[in-house]
Structure formats: C-alpha cells, structure tokens
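Trainee: In case it helps, the UniProt record's numbering puts the sequence shown at residues 1 to 722.
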Amino acid sequence: MITQDTTVSRWLLDDDFFPVVEYTGPLPFPMELDRSDTSQTEDPYFLLGNYRLLLLPHVSGKYQLITGERSWGRLNLGKEDNSGANHLIVEWDGHKIDLTDINQDKVQIERNCRCGVGYVIWEYAFNEMVITKKISVRPSLSVTGGQSIMQVDIEIKNNNTHCQQLKVIDAIVADYEMHYQQKWPKKVDYGVREVERGVDFCAIAFEAKPREPFLWKDKDTIAAYEGFPPVLFMGSKDKTSIEHNANGGANYLQANYEVKLKGGYKQSFSYQLGFSFDTDYQAQWNAFCEEKTSVADQWKQVLPEFGLDNDRRSELIWHAHILEAMSQYSRYFKETKTPQGSQYDFWWGLHASVRDHLQHLLPMCYYNPTVAKSALRYALKKENARGQVPIMEKGFGYQTDDVYIQSDNQLFLLHAINEYLRITGDIDFLFELLPYYPLESKAEGTVLDHIEKLILFLRDEIGLGPRGLVRLLNSDWNDDIHFVLAKEPFNRMYEKSESHLNTTMAIVMYQQLAQNFSSLTPTDEYTYQVDMLKSIAQTQATVLYENLMKDIGSASFFKRFYWVDEPIGEEEVYMWPQAFGLQIPHLDSELKAKMIEVVNERLVYPEKAGGRLMEGPLPGVKEHYCKDGAGENGGFWFAPYAQYVIGVAQVNLSLAWDLFNRMSLRHIGQVFPDFWLGQWTASDYIDGSLSETEGHAFNMPYNAHAHAYPLYTYYRLKELEG
Numbered sequence: 001m002i003t004q005d006t007t008v009s010r011w012l013l014d015d016d017f018f019p020v021v022e023y024t025g026p027l028p029f030p031m032e033l034d035r036s037d038t039s040q041t042e043d044p045y046f047l048l049g050n051y052r053l054l055l056l057p058h059v060s061g062k063y064q065l066i067t068g069e070r071s072w073g074r075l076n077l078g079k080e081d082n083s084g085a086n087h088l089i090v091e092w093d094g095h096k097i098d099l100t101d102i103n104q105d106k107v108q109i110e111r112n113c114r115c116g117v118g119y120v121i122w123e124y125a126f127n128e129m130v131i132t133k134k135i136s137v138r139p140s141l142s143v144t145g146g147q148s149i150m151q152v153d154i155e156i157k158n159n160n161t162h163c164q165q166l167k168v169i170d171a172i173v174a175d176y177e178m179h180y181q182q183k184w185p186k187k188v189d190y191g192v193r194e195v196e197r198g199v200d201f202c203a204i205a206f207e208a209k210p211r212e213p214f215l216w217k218d219k220d221t222i223a224a225y226e227g228f229p230p231v232l233f234m235g236s237k238d239k240t241s242i243e244h245n246a247n248g249g250a251n252y253l254q255a256n257y258e259v260k261l262k263g264g265y266k267q268s269f270s271y272q273l274g275f276s277f278d279t280d281y282q283a284q285w286n287a288f289c290e291e292k293t294s295v296a297d298q299w300k301q302v303l304p305e306f307g308l309d310n311d312r313r314s315e316l317i318w319h320a321h322i323l324e325a326m327s328q329y330s331r332y333f334k335e336t337k338t339p340q341g342s343q344y345d346f347w348w349g350l351h352a353s354v355r356d357h358l359q360h361l362l363p364m365c366y367y368n369p370t371v372a373k374s375a376l377r378y379a380l381k382k383e384n385a386r387g388q389v390p391i392m393e394k395g396f397g398y399q400t401d402d403v404y405i406q407s408d409n410q411l412f413l414l415h416a417i418n419e420y421l422r423i424t425g426d427i428d429f430l431f432e433l434l435p436y437y438p439l440e441s442k443a444e445g446t447v448l449d450h451i452e453k454l455i456l457f458l459r460d461e462i463g464l465g466p467r468g469l470v471r472l473l474n475s476d477w478n479d480d481i482h483f484v485l486a487k488e489p490f491n492r493m494y495e496k497s498e499s500h501l502n503t504t505m506a507i508v509m510y511q512q513l514a515q516n517f518s519s520l521t522p523t524d525e526y527t528y529q530v531d532m533l534k535s536i537a538q539t540q541a542t543v544l545y546e547n548l549m550k551d552i553g554s555a556s557f558f559k560r561f562y563w564v565d566e567p568i569g570e571e572e573v574y575m576w577p578q579a580f581g582l583q584i585p586h587l588d589s590e591l592k593a594k595m596i597e598v599v600n601e602r603l604v605y606p607e608k609a610g611g612r613l614m615e616g617p618l619p620g621v622k623e624h625y626c627k628d629g630a631g632e633n634g635g636f637w638f639a640p641y642a643q644y645v646i647g648v649a650q651v652n653l654s655l656a657w658d659l660f661n662r663m664s665l666r667h668i669g670q671v672f673p674d675f676w677l678g679q680w681t682a683s684d685y686i687d688g689s690l691s692e693t694e695g696h697a698f699n700m701p702y703n704a705h706a707h708a709y710p711l712y713t714y715y716r717l718k719e720l721e722g
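#1: Quick one: what does DSSP say residue 405 is sitting in, helix, strand or coil?
#2: So residue 407 and residue 472 are supposed to be a Cβ contact under 8 Å. How far apart are they, rounded?
#3: For residue 126, collect the residues of the same chain with a Cβ closer than 6 Å to its Cβ; drop the 5 residues on either side in sequence, then sort them by chain order.
#4: Locate the beta strand (DSSP E) running through residue 49, then write down its first and last residues.
#5: DSSP state of residue 342, grouped into three classes?
#6: Classify residue 197: buried if its beta carbon has 16 or more other beta carbons within 10 angstroms, exposed otherwise.
#7: Is the separation between the beta-carbon of residue 647 and that of residue 583 shorter than 7 Å?
#8: Could you tell me if residue 532 is buried or exposed, where buried requires 16 or more neighbouring beta carbons within 10 angstroms of its beta carbon?
#9: Under 8 Å by Cβ, that's how I've got residue 241 and residue 51 pegged, so tell me the actual separation to the nearest angstrom.
#10: Helix, strand or coil for residue 412, going by three-state DSSP, please let me know.
#11: Which one or two residues does DSSP pair with residue 170 in a beta bridge?
#12: Using CA coordinates, which residue listed in 501, 544, 519 is at the minimum distance from residue 459?
#13: Alpha carbon to alpha carbon, what distance is there between residue 491 and residue 721?
#14: Run the CB neighbour count on residue 209, radius 10 Å, all protein chains shown included, and call it buried at 16 or more, exposed below.
#15: Whose CA, out of 609, 619, 653, lies closest to the CA of residue 671?
#16: Since residue 272 is in the beta strand (DSSP E), which residue starts that stretch and which ends it?
#17: Is residue 708 near residue 339, with beta carbons less than 7 Å apart?
#18: For the alpha helix (DSSP H) that contains residue 599, what are its first and last residues?
#19: What are the boundary residues of the beta strand (DSSP E) that residue 351 is part of?
#20: Drop a sphere of 10 angstroms on the beta-carbon of residue 185, count the other beta-carbons inside from all chains shown, and report buried for 16 or more, exposed for fewer.
#21: Quick one: residues in its chain with C-beta nearer than 7 Å to the C-beta of residue 49, no 5 flanking neighbours on either side, listed in chain order?
#22: Tell me the rounded alpha-carbon separation between residue 580 and residue 714.
#23: Between which two residues does the alpha helix (DSSP H) carrying residue 736 extend?
#24: Using alpha carbons as the reference points, say which of 149, 628, 271, 625 lies closest to residue 170.
#25: Inspect the CB distances between the segment 674–683 and the segment 619–629 and report whether three or more fall short of 8 Å.
#26: Have a look at residue 158 and residue 57 and give me their C-alpha separation to the nearest angstrom.
#27: Are residue 134 and residue 100 closer than 7 Å when you measure CB to CB?
#28: Where are the alpha helix (DSSP H) runs, 4 residues long or more, that stay fully inside the segment 288–371, in chain order?
#29: Counting Cβ pairs, one atom from each stretch, are 3 or more of them under 8 Å apart for the segment 393–402 and the segment 69–86?
#30: Would you kindly check if the distance between the Cβ of residue 578 and the Cβ of residue 599 is under 7 Å?
#31: On the three-pair Cβ rule with 8 Å, is the segment 381–392 touching the segment 313–321?
#32: Take the Cβ of residue 165 as the centre, count every other Cβ of all protein chains shown within 10 Å, and call the residue buried at 16 or more, exposed below.
#33: Please list, in chain order, all residues of the same chain as residue 479 whose beta carbon is under 7 Å from its beta carbon, the five residues on each side excluded.
#34: Quick check on DSSP: helix, strand or coil for residue 669?
#35: Let me know the secondary structure DSSP gives residue 704 once reduced to three states.
#36: Residue 717: which of 644, 551, 373 sits nearest, CA to CA?
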C-alpha cells in the first residue's frame, strides 16, 4: 500500500516489501499551524526497539536512547525534557558542523529521513558530499530475549571532482536520568564511571547517588527509585576508533573516522552502541556482532503477514512492528508487556496503566500469542491476594494507586483473559501457577485462583450502587472524573456513584467468561471451582442486565454514569457504554440499531476522524484540565472508538468496515495533512471538532493504543467475515 502523500510524509515499500515512512515536511516543524498551538516537538520522531531497548530517532538525527527494563530512563538525557543528546560532527577544510543541529546556519544541508521496520536512515547532502547514517535494531525472538544493542552504519560519499579529506565523529552524550524525575521531585543524582577503555571498545557505568536514605535496598528488591542503572558501551569490529571523551564537562562515547576520498568515491564505517544491566556486556557485544541473519529476515520471523494484495497491508505491518518495538521486558516481573508509551512512560516514567497493557496485548493473541500470554502473566502478577490490581508501577516493581481508586482494572483483566482463551484455545493456561504481588511474599495460585479473586473483588469490594449498577469508586476508564465533577464529599461520591461503562463491560465479560468455562473439562480437583465461578459470572451478568434495562427505560442509549444521584449522559450521548452495550449478545436488535444511529449522528459523522468521546464537554464544578473538545473532554480516542466499531460489526459488518477506515493512519493523514501527529503514529487521542486544536493532542505521540486497536479491530472484523 502506498498512502496518499501529504505535506509531511509519504509511505513507501523497501526491498523486503516492508513499509517505510519518509518525512517530507519542514524542519524545524512549525510549532503553530492555523489556529493550533501544538505541543508536538519541532523535531518529529519515529520509534525503533525490541524487548530490551527503545529508541526514539528524530528526523534531524538526534535520538533518545531509552530503557524500560527496570525503571524508565534515558541514557543520553538532553537539555530539555523528553529529549536526547547526540552529535554527528563533520570536519573538513577548516569547517566543523553538527549535522543533527537543525538551527546551524554555517552550511546549507539537505536532509532526508525515512524509517522502516527495524531501521532508520538519515541522508545529509552538503558541499557536494553525502553522509548517510543508518541505525538498525534487531527484534526480540523470545519473551525474555533481545539485545539492548543497535548497529550503526555510516557511508561517506564525495560527489566533488577533487579529493576531499574529512573527519566524522558520531557521539552520544552519556547522561542517565529516570523519566520519573522529569515530573516529580528529584531524589537521586546519577554520575558516570569509566569501566572499559580500548581502541575498539569503551564502556561507562552510570552510578546512582541518593539524596535521602532507604530509597532502595538491593537490585532485586522493590524500590520507587532506580539505584542500579545500566552500563553504556560502544564498540567496533572494523577498526573504527572508539573513544570515551570527558572534555568540556560532559561524557561522550564516540566513534571517530578519518578518510581521504577521491572524487566520486565512497567509504563506510560501522560500530555498535548498547547498554546492559549485567556484567557480561562485552560478551553480549561479541555475540551481537557474530549474528549472520539479516535484520529484515529476523523481523519477518516475528511480524504477521497480510499478503501483498491487501490494501491495508503496510499499515497493519507498521502497527505490528511498533507494538513489537515498544514492548519491554520487566526485570522485576520477568515478563514482557507493551507499555502505553506517550505520556505515562516516556514523560512521567510510570509503567502505567495496567488496563493499557491489557488492551495492547489483544492483537498479539492472533499473531504472537507467546508475548500476549507473557503480558497477561505480567498483569496477573500485579494482582494481590485479595484481587486488587493497582493502576501503576514506578521505579523497580513499586506498585501504587496514587490518587486513583479505580473500579475497572479487574474488568480489563477479565477482558484480556477472555480474548486470549477465545483466540488461542489455550485452556491449560488457567491451571498455571502464578505469584501474587509482591513477588517477595511467595504467595501464589493458579490463574483460575487469580480469576476467582478478581471476580470476588468485583462482586464484594467494588460492588453495586443504589440502582444495582457497578460502582464507579472515584473513576472508571475516565480517570479525569473525580478531578472535575466533585460536588459532594468524597466519601459520598465514592459510596453511591455508578458507572454504565463498567456495567455494560461487566455483562459482556461475565458472559464471555461463562462461555469460556463451558468449554472446560476440568479434573476433579477444579470441577467445583469452575462450576461456582461460572455460576457467579452468569448470575452477575443476569442481575446487571436486568438493572441496566430498568435504568435505560425507553431511551435509545445508555447513560454514562450516576454522579451520586445525578445522571450524566441522559440527554447527551457518550461513546463508552454504547461500545460495550452493543456487544451484549441478547440486547434488543431494535435498540442496537437506534443506538448506532444516535452515536453515528452525534459522535461519529461530525468528526473528521473516528468519533469523539462525548457529545458535549464533561459537566463539572471545576474547569477541566482539557479544554472543551480536547483530550478526555471530547476528543477522538482510539480505544472506545475501536470497541464501538467491534460492537457495530456484530450488527452491521459493512458499516463497521466503513467506521474502521475512519481511524486508519491513511484517513487521519488525509484529513489532517499538515500535522505530523497521525501520519505514522499518534497519541491515545486526537482533539475533536469541538476544540480549538482539532487534529492535535497534548499527550506525546507513540501511544500504543493508536497501533494496537486498529490492528485488533482488523482481526475482529476479519473473524466476523468468516
């Protein structure tokens, strides 16, 4: 597939028939377009990675080298938040320029940047010379596999008629920082110590210096702050000079290459850059260099194939590649999951939220069930022995709810379990032993035991409100609610508020769980437990359905929630409860048809892309932190919209495909052609038509929702096609 070119990018195919996105926009990217004040960086970026490494390469040639294996951290912290520091310096005839500096004006540079599956390429043309730099990242071939090493290849071509002598220095600034300390008070300082120095290999260790006592105990114990950052190393097997340069107050690892080129000739050099939390980093480097399988062939082993005749092929493979590249191995939980990226991980340094991780594994159930299962195990290991699942994790395995007491994490866990069982048929998974959090407690139970505690927590802890609907606590998926709507004392709100989203979702999840259990033939040891859980699920689904139908009365759509006794969404329609409501199999077909008509008319068709979250801004006594029509206050969100499309597909598959196309990158790029957000990635939302920033988002791009949900929805719709 070649998508329509925009002013910012175009899609191509490389020699391996993998998708490539070429940046064609201005650099620096304008920070103001039309009436939109964009929070996007003036230097757009792509994403590469595997389960042990994550790289955000910018169009300029700058990049952010990131680890999420323990805490989230940047290894080459830039001068600004969410930036990295590296240089590609060229010296010739008394000139010296940094090719990655988009503000330098000494020499005119023509730049080209394109990103494919597992690689990014920059081309710099200046003074009749062309320097091409390529970074390649190999995929992880197993749940615990992957090397946090990238290959760097640089080619120098002299297009002059005369001989040209020049020196190229490719350097990374070694400066580690926890992402968490970008937003919250700084309690740890990080320094560097040289551990290896040679002509072809250098390594420096980052060292943590706590400002307060007891921030951590040892490298294997839960801690909110990172006390054991990695070693950063650089090496070359082709006689390129590798150096640790500590001049000027900064620490650099750099590859130096000097060449004298005749006119029309070219020459290349290469090196490897990586990091490790273990002491055998030099052995890891040697093993990486001995690998003979090409990067493309390795990526072909882990990505799904959709057929060259599939018009959506490029975009679907692109989504799958991003999910694989984003996924990170957790050294504490010893599992791999796909993070949200974006705001939570890349900016705030939180492994959050668990419901996001659970949604991102859904498409992998189809093409990489091993990783999907690991992500499920990761989430189940976060559950404590009473069925509680905290929303976030910071530092090394340190879980917290922060200010959120949410009512839906158990539901999203059941959703992911149901889909994994339905798609893979791996019923034996239910009888695997898994620990409860914290892992140090050594408490454990079967997956079936974990499910039992989730159901009991939903039934007995979260429970039902005065109208028999699932309680809201202080928030469901909309974790902005309690910041904005509070009109009564917190305890009354917490006690009486109810969520129609939770209720419709619970009905669907309980019914699917009972259906999955119906296919079980458990041993005598588990017969009673399976029968009782199936009975509870069926009973809860029946009770909730009766209460929900009593509440809807003669209306044509479900309310959003009750804020104590005040109904929200009685006159204005909200996307979420309708999305799961349409997935209730025995909901009246006439009601489903009316619901689809209302949602399309009020939420979908007024928008250029997808469908917005709500008909009008969220009512409240406090000003929302998102302006009207933006973000949680009325934007187009990939997650609820995709679930709505899946609901519509069970009524009208042809219409569902039309709605599906509205959230494709192709479509978003066409309706918002001047913004780089939405061209090859996006945040978890895009500001809607009610906002002053339509087409934008405050949150950082590369949110996994924008890639996981289109891919998952595609698979679901293809299933229904039969």
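Don't be surprised by glycine CBs; every beta carbon is placed ideally from N, CA and C.
On a predicted model such as this, the values are computed, not experimentally measured, just so you know.
Mentor: Here's the rundown:
#1: coil
#2: 6 Å
#3: 107, 109
#4: 48–50
#5: helix
#6: exposed
#7: yes
#8: exposed
#9: 32 Å between Cβ atoms; not a contact.
#10: helix
#11: 88, 255
#12: 544
#13: 48 Å
#14: exposed
#15: 609
#16: 266–276
#17: no
#18: 589–599
#19: 350–352
#20: exposed
#21: 55, 137, 325, 326
#22: 17 Å
#23: The displayed coordinates of the chain run from 1 to 722. Any statement about residue 736 would go beyond what the structure contains.
#24: 271
#25: no
#26: 26 Å
#27: no
#28: 295–302, 313–326, 354–360, 364–367
#29: yes
#30: yes
#31: no
#32: exposed
#33: 404, 406
#34: helix
#35: coil
#36: 644
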